[in-house]
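Report on the following structure.
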Amino acid sequence: MALRFLVVEGNTRDARQNHKAAYGLIPSESYAAVLQGIEPDIVCDLAFPADEGANLPDAAGLQSYDGIVLTGSHLSIYDRTPDILRQIDLMRAIYASGTPSFGSCWGLQVAAVAADGDVQKNPLGREVGFARRLLPTEAGRAHPMLAGRPDVYDAPAIHLDMVTVLPADCTILSSNSVSPVQAAEIRLDGGVFWGVQYHPEFSLGELAVILDRRKTLLVDEGFCRSEADAAAYVADLAALQQNRHRADLAWRHGIDMEVLDSARRTREIANFVAHRVKPEKSSRGRA
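Just so you know, we're using full-length UniProt numbering here: the sequence shown kicks off at 1 and counts up by one.
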């Protein structure tokens, strides 16, 4: 059963190309590969709403997809520049289309703002590398998006901004000491969005590439004492990507199988496909 997905890229063209130069794929291509790893019959189109003049789907086009996924972004939504406003408008149209939608990091933030929530800088600072000790709420423990997650878990993450004002119809599903909204369901205009502030789509290899380009930031913000320390951390993540059985590195950095095992790391995305996309496709009766 083929499933049609739209992957909405949150980054500007320059940021996309910088990521591709370092990793080989732009973020939306990488996210599409994760989706296809979960379900080989998924077919993905990519959309670039940050680009002026981008050819974006209309209401009928959005309804033609079985699922829509929003990537992360280097942008800060409170800047409200045209490349950001186009993404907020598109998210409102996604809600109105009724097509199941999911988002990571920036995706959650866009979904919250489109539903009249708010996003600001986290006064505690950046969460980088991993979101630690994520705790499902009572609602989250019963929610299908977090099905299979343990009572406490970690996940790849890098963000400075966070949801600070909840939309009217929002259920928090997971929190930690850094961000009270780490996973949520948001409803608006008949549409249902599932999202996370962390990045279940990031392999350790992709995370290493991202952090390698931010070694100066890691030093400036106190995460590493020197760029050499930052480079060593990046090298350890890359080594774990190559061999997840490096128990010495996993122990050194406190990384367990919720991150090392790709099926467990991407569980929220797989649950979205299983519990939202496939049932919705079946009920619509599309071929």
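Beta carbons: idealized from backbone N, C-alpha and C, even for Gly.
So the candidates are the options; which of them puts its Cα closest to the Cα of residue i?
{"i": "Y65", "options": "G117, H74 and L6", "result": "L6"}
{"i": "F272", "options": "A184, A230 and A50", "result": "A184"}
{"i": "R133", "options": "F223, Q182 and V192", "result": "Q182"}
{"i": "I26", "options": "E9, S283, L35 and P49", "result": "E9"}
{"i": "R187", "options": "Q197, L166 and R4", "result": "L166"}
{"i": "H143", "options": "D154, F193, A131 and T164", "result": "F193"}
{"i": "G53", "options": "R141, D229, L35 and D83", "result": "D83"}
{"i": "V152", "options": "S282, E258 and A168", "result": "E258"}
{"i": "A114", "options": "Y78, R244, L135 and T137", "result": "Y78"}
{"i": "T137", "options": "Q120, V119, L173 and I68", "result": "L173"}
{"i": "G195", "options": "G98, S28, R246 and I68", "result": "I68"}
{"i": "G191", "options": "Q242, I94 and Q36", "result": "I94"}
{"i": "A59", "options": "Y31, V128 and T99", "result": "T99"}
Just list the residues that DSSP pairs residue i with in beta bridges.
{"i": "V273", "result": "Partner(s): none; V273 has no beta bridge."}
{"i": "R187", "result": "V192"}
{"i": "R47", "result": "The residue you asked about is not Arg; residue 47 is Ala in the sequence shown. The partner list for A47 (beta bridge, DSSP) reads V8."}
{"i": "T171", "result": "E185"}
{"i": "M162", "result": "Q120"}
{"i": "I42", "result": "L3"}
How would you write the range of the beta strand (DSSP E) that residue i sits in, first residue to last?
{"i": "P156", "result": "Y153 to H159"}
{"i": "Q120", "result": "D118 to K121"}
{"i": "I68", "result": "G67 to L70"}
By the DSSP assignment, the alpha helix (DSSP H) with residue i in it spans what residues?
{"i": "P27", "result": "P27 to I38"}
{"i": "S179", "result": "First-last for S179: undefined, no H or E at that position."}
{"i": "Y233", "result": "E227 to Q242"}
{"i": "H199", "result": "Unbroken run through H199: none, as it is neither H nor E."}
{"i": "T216", "result": "K215 to D220"}
{"i": "L62", "result": "A59 to Q63"}
{"i": "H19", "result": "R13 to Y23"}
{"i": "A108", "result": "First, the residue type needs correcting, since residue 108 is Leu and not Ala in the sequence shown. Per DSSP, L108 belongs to the alpha helix (DSSP H) from W106 to A114."}
{"i": "G140", "result": "E138 to R141"}
Specify the secondary structure class of residue i as computed by DSSP and reduced to three states.
{"i": "S101", "result": "strand"}
{"i": "R132", "result": "strand"}
{"i": "L3", "result": "strand"}
{"i": "E268", "result": "helix"}
{"i": "I255", "result": "coil"}
{"i": "E127", "result": "strand"}
{"i": "D261", "result": "coil"}
{"i": "A147", "result": "coil"}
{"i": "E52", "result": "coil"}
{"i": "L211", "result": "helix"}
{"i": "L75", "result": "coil"}
{"i": "R80", "result": "coil"}
{"i": "R246", "result": "coil"}
| Does the count of Cβ pairs from the region 95 to 107 and the region 69 to 79 closer than 8 Å reach three? | yes
| task | Decide if the region 119 to 127 is in contact with the region 176 to 193; the criterion is three or more beta carbon pairs, one per stretch, under 8 Å apart. | result | yes
| task | Examine the Cβ distances between the region 107 to 114 and the region 83 to 98 and report whether three or more of them are shorter than 8 Å. | result | Flag = yes, the region 107 to 114 and the region 83 to 98 touch.
| Quick check: the region 205 to 215 against the region 234 to 244, are there 3 or more CB pairs under 8 Å? | yes
| field | Cβ contact check for the region 7 to 24 and the region 250 to 261: 3 or more pairs under 8 Å | value | They do not touch, by the three-pair rule.
| field | the region 158 to 165 contacting the region 138 to 150, beta-carbon criterion three pairs below 8 Å | value | no
| query | Does the pairing of the region 215 to 231 with the region 272 to 283 give three or more beta-carbon distances under 8 Å? | reply | no
| Validate contact between the region 194 to 204 and the region 256 to 272 using beta carbons, cut 8 Å, 3 pairs | yes
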